[in-house]
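Residue numbers (this note's numbering): 16 to 400.
Encoded structure:
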């Protein structure tokens, strides 16, 4: 590398020319140990040998042995770092890596759980470089064993069904509907479907899979009655400034009104509506904590707020106009139910105390998965192995 290309295309010389060799830790180790492949260094040789012994594989150059050896290292360090398998974000990435390794073990002939047993050999060769891994060995093994046992039933059934579908396939693309049925009905992950197909030079119709997924979401919304929730369709251009940490009672201006999800200029007595203010002391539901209740009053207007929700950058006050006529541009007094907010605050604090206690008693691997905090109590969802 000799130049730094600017946005306008100008090439400026670097202070010192250099060569990007891509010399990561494994490649440096390969050079120092005089071997031609990363998988021939001492770390991987030990792990590959362990995988071969557990699965009965005899060809140490088998690609699946290398995949498993690589994946046990990634998974073990992720779990030791506090990541646990789940269906979202980092946890989903971890789950996909674990399941890919398990499938490669299945390809090698492994009939029983094996992946978690590789943590011991990994600690032996990397324990000195990863003290946290050694400390968390029991937890890492338990997490991997649990995940492996749960997936074993899905894997065998899913592979058999996928093999049947591929045997009937005419062409080189598996349709999205079939991939979705394997996922939705039999729990077979679409990324594993893609892996199996790729090995046979078959493509997966990913757009068709996403379309089938969206259709299922639509049906779920309709069957649950959410399709008739007009307020969920509200789109507000303006923003509301939240001031509820400093005050529970303040003067504000009405910037938008909605009835049945449609923007209106005014609301009359008896109508259910959503009122948007330029600033508000009302907390909009988020993070598991319910929205505030209270009143919006002014000039003969009395609007009872039964819930508070967020709509983008705006905060909507949901309720019924008891008396008067409320118009866009009106000045009003927004007042939160102070006693109710105080009870919610106590329960919110209790969730943090509960989380800390769970981590102290069960271990630092305990992770919050959800919560519900209102004025009557709390619910705290967590994962633990």
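Just so it is clear, CB atoms sit at the ideal spot from N, CA and C, and this is done for glycine as well.
Between residue 193 and residue 217, the C-beta gap is not smaller than 8 Å, which leaves the two residues out of contact.
Taking C-beta separations shorter than 6 Å and ignoring five residues to either side along the sequence, the partners of residue 395 in its chain run 366, 369, 386, following chain order.
Taking all protein chains in view, the Cβ of residue 34 is surrounded by fewer than 16 other Cβ atoms within 10 Å, so the residue is classified as exposed.
Taking C-alpha positions only, residue 161 is separated from residue 139 by approximately 22 Å.
Beta-bridge partners of residue 283 (DSSP): 340.
For residue 111, the uninterrupted alpha helix (DSSP H) run begins and ends at 104-123, by DSSP. In this structure, DSSP gives residue 310 an extended state, which the three-state scheme calls strand. In the structure shown, the three-state DSSP call for residue 41 is helix. Each residue's CA atom was taken as its position, placing residue 102 and residue 108 some 9 Å apart. Residue 31 is bridged by DSSP to nothing; it lacks a bridge partner. In chain order, 390 place their CB closer than 7 Å to the CB of residue 358, counting only its own chain and leaving out the 5 sequence neighbours on each side. Of the other Cβ atoms in all chains shown, 16 or more fall within 10 Å of the Cβ of residue 380; this residue is therefore buried.
Closest by C-alpha distance to residue 133, out of 89, 166, 110, 167, is 89.
Counting C-beta atoms within 10 angstroms of its own C-beta, residue 18 has fewer than 16 neighbours from the protein chains shown and is therefore classed as exposed.
Contact annotation, residue 166 with residue 117: C-beta distance approximately 6 Å; criterion of less than 8 Å satisfied. One Cα belongs to residue 255, the other to residue 330, and the distance between them is close to 6 Å. Only residues of its own chain outside the window of five on either side were considered, and among them 169 have a CB closer than 6 Å to the CB of residue 202, listed in chain order.
Taking C-beta separations shorter than 7 Å and ignoring five residues to either side along the sequence, the partners of residue 152 in its chain run 134, 138, following chain order. According to DSSP, residue 394 shares a beta bridge with 387.
Residue 86 and residue 64 have their C-alpha atoms some 15 Å from each other. For the set 318, 155, 343, the Cα lying nearest the Cα of residue 332 is the one of 318. For the 8 Å CB-CB criterion, residue 231 and residue 206 do not form a contact.
Minimum Cα-Cα distance from residue 62 among the listed residues 209, 84, 99, 75 corresponds to 84. Classified as exposed, residue 38 has fewer than 16 neighbouring CB atoms from the shown chains inside 10 Å of its CB. Assignment of beta-bridge partners to residue 334 by DSSP yields 288, 320. For residue 168, the enclosing alpha helix (DSSP H) starts and ends at 152-183.
The beta carbon of residue 378 is closer than 8 Å to those of 154, 399 in its chain, skipping five residues each way along the sequence. Exposure of residue 268 is indicated by the presence of fewer than 16 other C-beta atoms within 10 angstroms of its C-beta. Nearest to residue 212 by C-alpha distance, out of 302, 272, 228, 179, is 179. Nearest to residue 325 by C-alpha distance, out of 314, 316, 289, 353, is 289. The closest CA to that of residue 191, considering only 32, 338, 227, 172, is found on 227. The stretch 335-344 and the stretch 298-305 do not touch, with fewer than three beta-carbon pairs separated by less than 8 Å.
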